[in-house]
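Chains as they are written, first to last, in the working numbering: chain A, 11 to 128; chain B, 2 to 114.
For every residue, glycine included, the Cβ atom is placed at its ideal position computed from N, Cα and C.
Have a look at the structure below before the remarks.
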């Protein structure tokens with residue numbers, strides 16, 4: 011069965027430091043996609059970054075990068091130069107491809123609550 | 002900008018009531034989803050739909066049903082609300098594209114007393 015595991019329920023980081031949020035996944039599919047979403051206390055889910063299983067380069071979006079290690083089945087999110095506004099819940103997710111590839115369901119991990127300290 | 006709108010941010014209902022959660026998206030997305038979010042459990046998929054009048058069960062469909070009569074609207078129905086359905090409900094939509102990125106609504110926090 012496909013699964014996403016986030017083993018860090020919560021983390022602290024000092025402002026301006028880098029932080030890595032862990033994510034491992036389990037799938038037998040050859041084609042899949044990995045996502046990270048941010049959920050601030052207001053509740054909305056904000057898309058951060060995407061990595062396709064066939065992408066050779068690690069994805070980057072501004073201060074966010076995804077450390078994709080396919081053999082280890084890990085897709086860790088790295089946030090550089092943390093800011094107070096980065097305090098939020100972070101979810102790792104994986105795209106499941108249904109029959110015919112039509113549905114693109116995402117399965118989510120349990121999340122990591124990041125607190126950035128001044 | 003993609004907009005996914007959920008009809009109610011906060012609802013309080015009594016046990017046994019029928020509850021409707023409405024979701025509308027304005028980007029002509031084929032796929033729509035209902036997730037439930039609980040602390041320590043992350044987001045769990047209740048139902049999804051990849052076309053009008055089509056629906057598929059997710060991981061936790063028991064106690065829920067859905068309706069998709071129009072492409073832009075996807076409704077979640079709790080036929081007889083129970084206290085264990087107290088939760089945050091998130092609607093999302095997506096194109097059937099290569100990435101499958103989900104666009105989420107703001108969520109509906111349901112309390113069943």
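Let me confirm a value: residue i is counted as buried when at least 16 other C-beta atoms fall within 10 Å, else exposed. Which label applies?
| i | result |
| --- | --- |
| residue 54 of chain B | exposed |
| residue 88 of chain B | buried |
| residue 22 of chain A | exposed |
| residue 114 of chain B | exposed |
| residue 56 of chain A | exposed |
| residue 91 of chain B | buried |
When the Cα of residue i is compared with those of the options, which residue comes out closest?
| i | options | result |
| --- | --- | --- |
| residue 122 of chain A | A:16, A:12, A:87 | A:16 |
| residue 33 of chain A | A:99, A:42, A:70, A:18 | A:18 |
| residue 26 of chain A | A:39, A:114, A:119, A:96 | A:96 |
Quick one: does residue i have its CB under 8 Å from some CB of chain B?
| i | result |
| --- | --- |
| residue 78 of chain A | no |
| residue 55 of chain A | yes |
| residue 116 of chain A | yes |
| residue 122 of chain A | no |
| residue 20 of chain A | no |
| residue 112 of chain A | Reliability fails at residue 112 of chain A, whose pLDDT of 48 lies under 50, so the model's placement of it is uncertain and the value that follows must be treated cautiously. At least one chain B Cβ lies under 8 Å of residue 112 of chain A. |
| residue 105 of chain A | yes |
| residue 72 of chain A | no |
Are any of the Cβ atoms in chain A nearer than 8 Å to that of residue i?
| i | result |
| --- | --- |
| residue 100 of chain B | yes |
| residue 103 of chain B | yes |
| residue 111 of chain B | no |
| residue 37 of chain B | no |
Return helix, strand or coil for residue i, following the three-state DSSP convention.
| i | result |
| --- | --- |
| residue 39 of chain B | strand |
| residue 53 of chain A | coil |
| residue 20 of chain A | strand |
| residue 96 of chain A | helix |
| residue 37 of chain A | coil |
Is residue i near the ligand HEM - that is, is its Cβ less than 7 Å away from at least one heavy atom of it?
| i | result |
| --- | --- |
| residue 57 of chain A | Although the ligand HEM was asked about, the structure shown includes no ligands whatsoever. |
Which chain C residues sit within Cβ distance under 7 Å of residue i?
| i | result |
| --- | --- |
| residue 60 of chain A | Chain labels in this structure do not include chain C; the protein chains are A and B. |
Exercise. Any residues in the segment 42–55 of chain B with a beta carbon nearer than 7 Å to a beta carbon of chain A? Which ones, in chain order?
Worked result: 42, 43, 44, 46, 49, 51
Problem set entry | Chain-ordered residues of the segment 51–85 of chain B with a beta carbon less than 9 Å from chain A | 51, 52, 57, 59, 60
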